[in-house]
Amino acid sequence: MRIWRSVVGKLWMTILLLVCFVLFMLTILLLEFFQNYHVEEVEQSLTFEAQKIARILEDHQDMDISIQIISEIVDEPVYALVMIEGGETFTSNPETMYQQQIRTMIEENQEFSAVLNQKQQVQKELSIQTEETSNRYDNVIITGAPVNLTDGSEGAVFVYQSLEAIQQTTEQTTRLIVLAAGIAIILTTIFAFFLSTRITAPLRKMREGAFEVARGKFDTKVPILTQDEIGELATAFNQMGRQLKHHLDALSQEKEQLSSILSSMADGVITFNRDGTILISNPPADRFLHFWYQEQETLKNEALPPELNELMLRVMETDEEQLGEVTIQGRTFVTILSPLYSGNLVRGAVAVIRDMTEERRLEKLRKDFIANVSHELRTPISMLQGYSEAIVDDIPQTEEEKREIAKIIYDESLRMGRLVNELLDLARIEAGHITLHYERLKVQAFFERIVNKFGVVSKEKDIKLYIESALNSEEEWSFDPDRMEQVLTNLLDNALRHTHDGGTIKLVLKKSEKGLCVEVMDSGIGIPEDDLPYIFERFYKADKARTRGKAGTGLGLAIVKNLIHAHKGTIEVESNINKGTTFRFYLPEN
Numbered sequence: 001m002r003i004w005r006s007v008v009g010k011l012w013m014t015i016l017l018l019v020c021f022v023l024f025m026l027t028i029l030l031l032e033f034f035q036n037y038h039v040e041e042v043e044q045s046l047t048f049e050a051q052k053i054a055r056i057l058e059d060h061q062d063m064d065i066s067i068q069i070i071s072e073i074v075d076e077p078v079y080a081l082v083m084i085e086g087g088e089t090f091t092s093n094p095e096t097m098y099q100q101q102i103r104t105m106i107e108e109n110q111e112f113s114a115v116l117n118q119k120q121q122v123q124k125e126l127s128i129q130t131e132e133t134s135n136r137y138d139n140v141i142i143t144g145a146p147v148n149l150t151d152g153s154e155g156a157v158f159v160y161q162s163l164e165a166i167q168q169t170t171e172q173t174t175r176l177i178v179l180a181a182g183i184a185i186i187l188t189t190i191f192a193f194f195l196s197t198r199i200t201a202p203l204r205k206m207r208e209g210a211f212e213v214a215r216g217k218f219d220t221k222v223p224i225l226t227q228d229e230i231g232e233l234a235t236a237f238n239q240m241g242r243q244l245k246h247h248l249d250a251l252s253q254e255k256e257q258l259s260s261i262l263s264s265m266a267d268g269v270i271t272f273n274r275d276g277t278i279l280i281s282n283p284p285a286d287r288f289l290h291f292w293y294q295e296q297e298t299l300k301n302e303a304l305p306p307e308l309n310e311l312m313l314r315v316m317e318t319d320e321e322q323l324g325e326v327t328i329q330g331r332t333f334v335t336i337l338s339p340l341y342s343g344n345l346v347r348g349a350v351a352v353i354r355d356m357t358e359e360r361r362l363e364k365l366r367k368d369f370i371a372n373v374s375h376e377l378r379t380p381i382s383m384l385q386g387y388s389e390a391i392v393d394d395i396p397q398t399e400e401e402k403r404e405i406a407k408i409i410y411d412e413s414l415r416m417g418r419l420v421n422e423l424l425d426l427a428r429i430e431a432g433h434i435t436l437h438y439e440r441l442k443v444q445a446f447f448e449r450i451v452n453k454f455g456v457v458s459k460e461k462d463i464k465l466y467i468e469s470a471l472n473s474e475e476e477w478s479f480d481p482d483r484m485e486q487v488l489t490n491l492l493d494n495a496l497r498h499t500h501d502g503g504t505i506k507l508v509l510k511k512s513e514k515g516l517c518v519e520v521m522d523s524g525i526g527i528p529e530d531d532l533p534y535i536f537e538r539f540y541k542a543d544k545a546r547t548r549g550k551a552g553t554g555l556g557l558a559i560v561k562n563l564i565h566a567h568k569g570t571i572e573v574e575s576n577i578n579k580g581t582t583f584r585f586y587l588p589e590n
């Protein structure tokens with residue numbers, strides 16, 4: 001049944017039905033025409049023959065001569081019957097059973113009796129059974145004309161002819177037409193299939209090409225086989241494929257550009273539907289959502305923070321941009337939500353999420369830096385101002401008092417200078433404006449020299465200070481000796497200031513996978529666990545009171561960290577309250 005659904009089958013059936021209908025109508029019209037034409041010809045011929053025979057009978061006195069003439073001029077299949085008043089009859093041919101039946105029908109038919117009685121010409125078609133044992137009937141046309149004989153008697157001439165020849169002609173014509181129709185149907189079928197194949201072949205190619213395009217092969221080309229409308233359709237199809245490929249490539253390129261832009265953005269971007277469904281998100285936005293999912297481990301049914309949901313509802317209600325902040329796991333995110341339109345309707349919203357944690361931290365560090373610098377400078381400046389006023393007002397009376405005041409002023413000025421120098425050093429290090437001068441030195445000898453510098457101070461405080469080395473005495477390493485001395489000085493100074501009298505400080509030297517490992521271990525007061533993440537920040541002090549006795553400037557560890565990083569190394573710290581602190585740093589081989 002597939003062929004009836006195809007173009008070939010439909011075209012073939014259409015042409016075939018059209019041809020059959022035309023042939024059928026032509027057959028009916030031709031048969032009707034032939035039959036009517038021949039019957040009319042027979043009727044006219046019989047009328048002419050009847051009149052001619054009547055004139056012969058009227059012109060000749062001798063009946064035998066007239067009948068002889070009539071026999072000569074009347075040929076089969078036409079027969080003549082002459083009936084004279086008184087019942088005398090003459091025939092043009094010897095009578096047969098068939099002719100006797102016709103004569104009997106003429107004698108019994110009242111319409112034919114009108115020819116004798118009323119002197120009228122009559123023509124009629126009758127149906128006669130040809131054989132008594134069969135049901136076959138023959139149609140006969142009978143024409144009767146009145147005759148006035150020369151002897152004064154009256155009669156009638158009846159001329160008749162069987163229509164069997166006409167019926168045979170009609171049947172033969174029908175057979176010819178049917179044969180012609182059969183030949184026409186066969187030729188039509190061949191022509192229809194040929195024509196439909198010529199039409200459908202390129203259409204099938206286009207159908208296959210359309211399926212290929214539907215599968216994503218936009219470079220598919222359909223062969224142009226003709227220059228007619230189908231050829232133009234194939235040309236248009238190929239142009240359509242090229243245009244589709246061009247537009248899809250452009251869309252794909254724009255999509256890749258948009259994806260690259262979203263992926264490279266530092267800010268998070270989330271696109272929402274009206275119902276809050278997330279449509280698009282970039283990596284920073286995924287991290288934001290990850291923070292939220294981690295924070296609400298016990299509440300698995302909230303896809304977004306309540307603050308973000310509230311902002312989105314406001315955008316949908318007001319069609320205006322909304323700004324807000326979301327705090328998750330100690331991190332601050334500033335969120336800007338803008339409506340997305342589909343025509344005049346708001347179809348969703350796009351959220352731009354910026355992690356402001358580092359900015360807020362830097363702002364806090366800036367404020368703390370100003371506060372710390374102000375705090376550190378206020379005390380020595382106040383002391384300088386106070387003792388200077390005392391000297392101006394001649395308050396010290398003795399030379400010893402003056403020297404003591406001068407000594408305090410000198411110490412405070414040194415402290416201010418040290419603070420300023422450390423600030424400058426730290427600024428240059430963080431800005432990358434320092435240059436390291438690497439030298440290859442013997443490690444153990446270098447660190448022993450630095451430890452010996454603190455020998456006097458350690459003995460005064462009864463602190464045991466020593467080196468524990470897993471290196472041989474000839475082991476060498478590359479580093480900047482001045483900067484490394486600054487690092488060790490800061491670490492040992494911190495250890496001495498925060499270790500009780502009678503404690504121990506140990507400098508451990510060893511090699512590891514990360515390079516040269518140096519550990520400064522003390523048995524001092526330790527650092528609270530909450531302060532450990534911040535001890536390398538500027539001005540950060542575990543001693544919040546900032547007492548002058550043991551507290552330094554708060555910049556030493558920040559300088560240490562930056563110098564170690566400048567050597568491409570790493571530093572870490574471990575500490576327990578009242579058990580001691582260990583600073584450990586690694587120097588890679590350069």
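Residue 40 in UniProt numbering sits at position 40 of the sequence shown, and the numbers go up by one each step.
In this text, a Cβ means the ideal position worked out from N, Cα and C, and glycines have one as well.
Every value quoted in this text rests on a predicted model; they were computed, and no experiment measured them.
Assumed close pair residue i, residue j - CB separation to whole angstroms, cut-off 8 angstroms
i    : j    : result
H567 : F479 : 6 angstroms
T150 : Q61  : 5 angstroms
I141 : Y160 : 6 angstroms
T169 : L31  : At roughly 10 angstroms, the Cβ-Cβ gap does not stay under 8 angstroms, so T169 and L31 are not in contact.
L176 : V213 : In fact, because the Cβ distance is near 54 angstroms, the residues do not count as touching under 8 angstroms.
I434 : A351 : Not confirmed; about 43 angstroms, so no contact.
I128 : I106 : About 11 angstroms separates the two Cβ atoms, so there is no contact after all.
T335 : V326 : 6 angstroms
Alpha carbon of residue i to alpha carbon of residue j, nearest angstrom
i           : j    : result
P588        : D249 : 50 angstroms
L308        : G324 : 8 angstroms
Q167        : G231 : 54 angstroms
G549        : Y466 : Residue placement at G549 is poorly supported in this model, since its pLDDT is 40, which falls under 50; the coordinates are not used for a value here.
T235        : P202 : 11 angstroms
residue 604 : Y37  : Residue numbering for the chain in the displayed model covers 1 to 590; residue 604 lies beyond these limits and cannot be assessed.
V392        : D462 : 42 angstroms
E537        : K579 : 23 angstroms
Q397        : E468 : 54 angstroms
M25         : I185 : 15 angstroms
R449        : L509 : 14 angstroms
A54         : I15  : 58 angstroms
L17         : I69  : 57 angstroms
Where residue i falls: helix, strand or coil (DSSP)
i    : result
G231 : helix
E485 : helix
G268 : strand
N282 : coil
F454 : coil
S382 : helix
N578 : coil
G324 : strand
S45  : helix
S153 : coil
Q161 : strand
L17  : helix
N421 : helix
M356 : coil
G241 : helix
F536 : coil
L248 : helix
D531 : helix
C-beta contact flag for residue i and residue j at 7 angstroms
i           : j    : result
L337        : A349 : yes
K442        : E476 : yes
P305        : W292 : yes
D522        : A558 : no
T357        : R378 : no
residue 619 : V520 : Because residue 619 is not part of the residues shown, which for the chain are 1 to 590, the question remains open.
T47         : T188 : no
E125        : N139 : yes
V222        : K205 : yes
R415        : P380 : yes
Q444        : S413 : no
T581        : I527 : yes
Contacting residues, own chain, Cβ-Cβ under 7 angstroms from residue i (five flanking each side not counted)
i    : result
E401 : none
F288 : G268, F333 and I353
Sequence-distant residues of the same chain with beta carbon closer than 8 angstroms to residue i, five excluded per side
i    : result
E409 : Checking the displayed sequence, the identity of residue 409 turns out to be Ile instead of Glu. Here the set comprises M383, L384, Y387 and S388.
S162 : P77, D138, N139 and V140
I280 : L262, V269, I270 and T271
Proximal residues to residue i (C-beta, below 6 angstroms), its chain only, five neighbours per side dropped
i    : result
G556 : N490
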